[in-house]
Amino acid sequence: MLGPIGGARRRYATATAAITAVLCAVSFALPATAQADTGDEKKKVDAQIEQLHDALEGTSAELAQAYLALQTVQAQLPAAEAALADAQTKARAAEKYNTEVGIQLSVAQANEARAGENLVRNEAALDSTQRVLDAFAADMFQGGGGSQLSVALGAVSADDFATRLVLADTVTAMTNEALDRLAAARADGEATRGYLVAVRAEVAALKARAEEALAAANATKAAAAAAKQALDSLVAEKATYAGQVESRKADELERLRAAEAEQARLQALLVEQARKAREADEARKKSEAAAAAAAAAAGQSYTPPARDANPSGGGFLNYPANGPITSEFGMRFHPILHVWKLHSGTDFGIPCGTPVYATAAGTVLSAGWGGGYGNRITIDHGIQRGVDLVTTYNHLSSILVHSGDVRRGQLIGYAGTTGYSTGCHLHFETLEDGSFVNPRTWI
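In this note's numbering, the protein residues as written are 1 to 443.
Here it is, written out as structure tokens:
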């Protein structure tokens with residue numbers, strides 16, 4: 001008996017660890033920004049997975065692991081798709097900005113080049129004009145000046161006088177024009193130098209912006225690539241887990257039918273046990289009635305034997321363990337097999353190793369390995385409220401009683417996760433005449 005018990009315990013501990021690893025792996029598969037933006041979504045996913053744990057109670061560990069992983073990945077896909085779309089949008093915007101800055105930089109550099117060329121031409125023209133004026137001034141100095149009066153006094157005839165006067169006017173006009181050009185060239189040169197300083201500052205700023213834009217574009221491209229890789233990974237995981245779930249469906253359905261057959265067999269035995277218990281109860285009542293009649297005939301009082309009762313004043317049964325009820329009795333829809341099945345008891349969410357107690361005095365009908373129920377104890381409490389009441393304690397890590405009578409509150413075992421279980425807990429059942437009923441009607 002120890003072989004299958006130990007093997008099941010190890011198998012389910014491994015499965016639970018594997019499920020936890022899957023949840024963590026999927027969580028860290030998304031980029032950090034996606035994780036930060038989906039904190040509320042993660043809480044919803046965690047709640048959904050917790051509900052699935054309840055729905056998968058009694059399912060094989062391998063199938064439960066694959067299905068929980070599949071649902072976790074499925075729930076993460078929308079966030080991954082949104083992260084990819086966001087990253088791609090930002091990448092396109094960064095590329096556009098990088099292009100725009102590049103165009104602005106090209107225009108500014110072209111303006112800088114033209115301004116430089118203009119400055120060179122301006123300085124060449126300025127230099128040429130200055131040389132002409134310098135040469136003209138030297139000639140005038142060597143020739144004794146070039147005023148109209150000096151030119152007129154040097155004439156030898158009336159025609160020569162007129163000619164000299166016209167030449168003097170022409171020289172004066174040309175000199176003034178050259179001086180104007182020189183002043184304009186100097187002004188243009190100063191303006192061009194100022195413009196060139198501004199353009200060079202603009203080019204430097206645009207170069208810095210271009211470098212930043214390029215870095216941003218590269219970063220957003222990398223983020224988009226990471227988001228795409230994360231999404232592709234999730235899609236691949238989804239396909240893998242979906243295949244695992246599909247391949248195990250037939251085996252799980254067969255196992256479910258076997259469990260239902262075992263449950264029916266147990267119920268049939270308990271129906272027979274209920275018949276015997278009812279006969280024993282009738283015999284007890286007759287015996288007590290006969291004893292009471294005999295005592296009355298002898299003029300004596302008669303006190304029947306004390307019956308077991310809950311000292312807490314609540315229901316007939318005590319709580320089997322100290323811990324919260326985490327899953328109620330009732331019909332459940334199996335999310336993988338798409339069938340309705342009865343969750344035939346009440347689950348107490350307690351750690352493995354938590355003490356489990358007999359809920360009332362009774363007789364141990366069986367104690368040992370119960371297939372999907374793991375380590376199981378079945379106790380008959382006799383006829384109560386007109387029915388034969390039986391309780392079962394399932395998925396125990398260890399069993400302390402194997403036969404004979406037990407008293408109310410006696411330690412009978414420790415909680416575990418043996419059999420088909422998705423985590424440490426106690427699955428507690430009550431049966432009336434062999435039929436499962438809600439334990440809350442008794443505790």
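Ideal Cβ positions, reconstructed from N, Cα and C, are used throughout, including at glycine.
Looking only at its chain, what residues have a beta carbon closer than 7 angstroms to the beta carbon of residue 228, apart from the 5 residues adjacent to it on each side?
Here residue 228 refers to the residue found at position 228 of the sequence shown. In chain order, 84 place their CB closer than 7 angstroms to the CB of residue 228, counting only its own chain and leaving out the 5 sequence neighbours on each side.
Under the three-state reduction of DSSP, which class applies to residue 437: helix, strand or coil?
Locating residue 437 in the sequence shown gives position 437, where the first residue counts as 1. When DSSP states are grouped into helix, strand and coil, residue 437 belongs to the strand group.
For residue 441, count neighbouring Cβ atoms within 10 angstroms of its own Cβ and tell me buried if that reaches 16, exposed if not.
Counting from one through the sequence shown, the residue named residue 441 turns up at place 441. Within 10 angstroms of the beta-carbon of residue 441 lie fewer than 16 other beta-carbons, which makes it exposed.
Mapping DSSP to helix, strand and coil, what is residue 111?
As a first step, residue 111 is located in the sequence shown; it is residue number 111 there, counting from the start. Correct three-state label for residue 111: helix.
So, residue 443 versus residue 317, is the Cβ gap smaller than 7 angstroms?
Here residue 443 refers to the residue found at position 443 when the sequence shown is read from its first residue. Here residue 317 refers to the residue found at position 317 when the sequence shown is read from its first residue. A contact, by the Cβ cut-off of 7 angstroms.
Once you ignore the five residues that flank residue 368 on each side, which residues in its own chain have a CB closer than 8 angstroms to its CB?
One-based indexing of the sequence shown puts residue 368 at position 368. Once the five neighbours on either side are set aside, the close Cβ partners of residue 368 are 1, 375, 376, 399 and 402.
Check whether the stretch 185-200 and the stretch 108-115 are in contact - that is, three or more C-beta pairs closer than 8 angstroms.
Yes: at least three Cβ pairs fall under 8 angstroms.
Report the three-state DSSP secondary structure of residue 449 (helix, strand or coil).
What is shown of the chain runs 1 to 443, which leaves residue 449 out entirely.
Once the 5 residues before and after residue 365 are set aside, which same chain residues still bring their CB inside 6 angstroms of it?
On the sequence shown, position 365 is the one that residue 365 refers to. These residues qualify, in order along the chain: 378 and 380.
Is residue 423 near residue 396, with beta carbons less than 7 angstroms apart?
Within the sequence shown, the letter at position 423 stands for residue 423. Within the sequence shown, the letter at position 396 stands for residue 396. The criterion of a C-beta distance shorter than 7 angstroms is not satisfied by residue 423 and residue 396.
Any idea if residue 177 is buried or exposed, counting beta-carbon neighbours within 10 angstroms, 16 or more meaning buried?
Reading the sequence shown from its first residue, position 177 is the one you call residue 177. Only exposed fits residue 177, as fewer than 16 other CB atoms lie within 10 angstroms of its CB.
Assigned secondary structure, residue 362 (DSSP; H/G/I helix, E/B strand, else coil):
Position 362 of the sequence shown, counting from 1, holds the residue named residue 362. If DSSP states are grouped into helix, strand and coil, residue 362 belongs with the strands.
Less than 7 angstroms between C-beta atoms, sequence neighbours within five positions excluded: which residues of the same chain meet that for residue 202?
The residue you call residue 202 lines up with position 202 of the sequence shown. Cβ within range, chain order: 108.
Could you please give me the residues that DSSP links to residue 208 through a beta bridge?
As a working mapping, residue 208 is identified with position 208 in the sequence shown. Checking the DSSP bridge columns, you'll see residue 208 has no partner listed.
Buried/exposed call for residue 288, threshold 16 Cβ in 10 Å:
Within the sequence shown, the letter at position 288 stands for residue 288. Result: exposed.
Return the chain-ordered list of same chain residues with a C-beta closer than 8 angstroms to the C-beta of residue 372, the five sequence neighbours on each side being excluded.
Counted from its first residue, the sequence shown places residue 372 at position 372. Setting aside the 5 residues that flank it on each side, residue 372 is surrounded in the same chain by 58, 255, 259, 262, 419 and 420, each with a C-beta closer than 8 angstroms to its C-beta; the list follows chain order.
Cα-Cα separation, residue 284 to residue 247
Along the sequence shown, read from residue 1 onward, the residue named residue 284 stands at position 284. Along the sequence shown, read from residue 1 onward, the residue named residue 247 stands at position 247. Between residue 284 and residue 247, the C-alpha separation is close to 56 angstroms.
Just to confirm, are residue 363 and residue 405 a CB contact at a threshold of 7 angstroms?
What you label residue 363 is simply residue 363 of the sequence shown in a count that begins at 1. What you label residue 405 is simply residue 405 of the sequence shown in a count that begins at 1. Closer than 7 angstroms, so yes.
Can you grab the Cα-Cα spacing for the pair residue 383 / residue 281, in whole Å?
The residue given as residue 383 occupies position 383 in the sequence shown. The residue given as residue 281 occupies position 281 in the sequence shown. In a straight line, the C-alpha of residue 383 is about 7 angstroms away from that of residue 281.
Return helix, strand or coil for residue 78, following the three-state DSSP convention.
If you number the sequence shown from 1, residue 78 lands on position 78. Looking at residue 78 - three-state DSSP - the assignment turns out to be helix.
Around the C-beta of residue 7, are 16 or more other C-beta atoms found within 10 angstroms, so that it is buried, or is it exposed?
If you number the sequence shown from 1, residue 7 lands on position 7. With a pLDDT of only 45 at residue 7, under 50, the local geometry of the prediction cannot be trusted, and the value read off the model is given with reservation. With fewer than 16 other Cβ atoms within 10 Å, it is exposed.
Thinking C-alpha only, which one of 436, 433, 432 and 68 is nearest residue 240?
For the purposes of this step, residue 240 is taken as residue 240 along the sequence shown, with counting starting at 1. Ranking the options by Cα distance to residue 240, first place goes to 68.
I need the straight-line Cα distance from residue 356 to residue 409, nearest angstrom please.
Counted from its first residue, the sequence shown places residue 356 at position 356. Counted from its first residue, the sequence shown places residue 409 at position 409. Between the alpha carbons of residue 356 and residue 409 lies a gap of roughly 9 angstroms.
Ordered along the chain, which non-local residues of its own chain (more than five positions away) have a Cβ less than 7 angstroms from that of residue 21?
Residue 21 sits at position 21 when you count from the first residue of the sequence shown. Unreliable positioning characterises residue 21 in this predicted model, as indicated by a pLDDT of 42, which lies under 50. A coordinate reading is not provided.
If you reduce the DSSP assignment to three classes, tell me which class residue 357 lands in.
As a position in the sequence shown, residue 357 is number 357, starting the count at 1. Residue 357 sits in a strand when the DSSP states are folded into three classes.
Any heavy atom of the ligand MN inside 6 angstroms of the beta-carbon of residue 261?
The ligand MN is not part of this structure, which contains no ligands at all.
Three-state secondary structure (DSSP) at residue 387?
In the sequence shown, the residue the question calls residue 387 occupies position 387. Residue 387: strand per DSSP, three-state reduction.
Would DSSP call residue 393 helix, strand or coil?
On the sequence shown, position 393 is the one that residue 393 refers to. Residue state, collapsed to three classes: strand.
Residue 417 to residue 233, Cα distance in whole Å?
Locating residue 417 in the sequence shown gives position 417, counting from the first residue. Locating residue 233 in the sequence shown gives position 233, counting from the first residue. Going by the C-alpha atoms only, they are around 32 angstroms apart.
Could you give the residue range of the beta strand (DSSP E) that holds residue 427?
Along the sequence shown, read from residue 1 onward, the residue named residue 427 stands at position 427. Here the beta strand (DSSP E) through residue 427 covers 426-432.
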